[in-house]
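Read left to right, the sequence shown gives residues 4 to 142 (the working numbering). Even glycine gets a Cβ: it sits at the ideal position worked out from N, Cα and C. Keep in mind it's a predicted model, so treat the numbers as computed, not measured. First up is the structure itself, then whatever we jot down about it.
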Amino acid sequence: MTHTARRIGRTLALVLPVVMVLSGTLAVTRVSWSGDTTESQLLTAASETTFSKRARTPRAPQDVLRDKLLVEMREKDPGVALTELQRTVEARPSMARHCMAIAKALGKAAVDQYGPTRAHRFSRPVCDTSFASGVARFS
Numbered sequence: 004m005t006h007t008a009r010r011i012g013r014t015l016a017l018v019l020p021v022v023m024v025l026s027g028t029l030a031v032t033r034v035s036w037s038g039d040t041t042e043s044q045l046l047t048a049a050s051e052t053t054f055s056k057r058a059r060t061p062r063a064p065q066d067v068l069r070d071k072l073l074v075e076m077r078e079k080d081p082g083v084a085l086t087e088l089q090r091t092v093e094a095r096p097s098m099a100r101h102c103m104a105i106a107k108a109l110g111k112a113a114v115d116q117y118g119p120t121r122a123h124r125f126s127r128p129v130c131d132t133s134f135a136s137g138v139a140r141f142s
């Protein structure tokens, strides 16, 4: 009798935590395995507040400028983007501390788009030649 009771106890000790974890997980979230996007997907309350805080956070001005200049560089050429960067820094001196990082990002993007040899042709003394540094670093 005690042997049977021990066996049942061990089985419950092994199976019960697994069942509790699975049932708790399924109660909190539901995954659409069919790939149907019309059905709403439920999320936990903690993840919902995280997403909504992240979505409401405004982007920093230097990030907006960098993205704008990268688009301009792709549409035209790096020289136009560097000229625009220089004009922006002259008009808004507060952007000067971000100038080097933006110029390096433009240099990396120029290498990706034009290759290292052709990207070097667009180098200008903007932001202490950071563009050339970005080109050389990612060549």
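Continuous alpha helix (DSSP H) stretch holding residue i: start and end
i	result
G137	133 to 140
P96	From DSSP, P96 is part of no alpha helix (DSSP H); its letter is neither H nor E.
R69	64 to 78
Whole-angstrom distance between residue j and residue i, CA atom to CA atom
i	j	result
L109	A63	18 Å
A8	T60	58 Å
R100	Q65	10 Å
L17	T5	18 Å
T132	S126	7 Å
L15	D115	59 Å
P20	R10	16 Å
A122	T91	22 Å
T86	L72	10 Å
A135	A94	23 Å
R77	A84	9 Å
T47	P119	Unreliable placement is indicated for T47, whose pLDDT of 49 sits below 50; no coordinate value is reported for it.
R140	I105	14 Å
P96	G82	21 Å
Whole-Å CB distance - residue i paired with residue j, under 8 Å assumed
i	j	result
M98	L68	7 Å
V138	L88	That belief does not hold up - the Cβ atoms of V138 and L88 are roughly 15 Å apart, past 8 Å.
As assigned by DSSP and simplified to three states, the class of residue i
i	result
S43	Annotation note: pLDDT 49 at S43 (below 50); position unreliable, coordinate value reported separately. In the structure shown, S43 sits in coil (DSSP, three-state: anything other than H, G, I, E or B).
D115	helix
P128	coil
T120	helix
P61	coil
Proximity test, residue i beta-carbon vs the ligand NAP heavy atom, cut-off 7 Å
i	result
L109	This structure lacks the ligand NAP, and indeed carries no ligand of any kind.
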